[in-house]
Structures are given as structure tokens and as C-alpha cells.
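Every number in the working numbering is 1277 more than the matching position in the sequence shown, counting from 1. Don't be surprised by glycine CBs; every beta carbon is placed ideally from N, CA and C. A quick note: this is a predicted structure, and the numbers were derived from the prediction, not measured. Here is the structure we will look at, set down as C-alpha cells.
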Amino acid sequence: MKLKQPMNTLSVWHSGGEWFVNVVEDSPDEQRFFATRVSAGRSEISALRAASRRFGRLQRDLDRRVAKLASEEKS
């Protein structure tokens, strides 16, 4: 089934003193899943901010890797 608009699902939970954050991004062309664990002693909002920074870095790293592979294929 192809989606017409992107859909995102965010799951956050606390267990054993640590926060867990999962994000699933569904778009018409692909599905991406990001997950991270944030150390104890943080509030939920702090955990979400930390996860957001990590996911942002991950996305930039993936974009750079894809661009590098694409340029290598053209060579």
C-alpha cells in the first residue's frame, strides 16, 4: 500500500531508569526507523531533545553516505 502523505509515529517510554525513543517515518517511497536510549536522570522532554539531536546527526550522516555512494557510482 502506497501512502499519499508522510506519516510519523513517535513512541517514548521509561524503563529501568532510562528513556527509550523510537520514531518510524513512513513516506510514499520508503519507511525509516530510528531508535535510541537516553541515560537515566533526564526528564521526558530532555530525553526527547537528546533523541532529536541524535536522529538529526544520523540523518545527516546517512545523507552524506548516500551522496558519496551516488558520486562513486557515477565515476
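Rounded to whole angstroms, the separation of the alpha carbons of T1286 and E1307 is 14 angstroms. The C-alpha of H1291 is placed about 36 angstroms away from the C-alpha of A1344. Going by C-alpha positions, F1297 is about 24 angstroms away from D1340. Each residue's CA atom was taken as its position, placing D1303 and F1311 some 12 angstroms apart. V1289 is positioned such that its CB atom lies closer than 9 angstroms to that of L1325.
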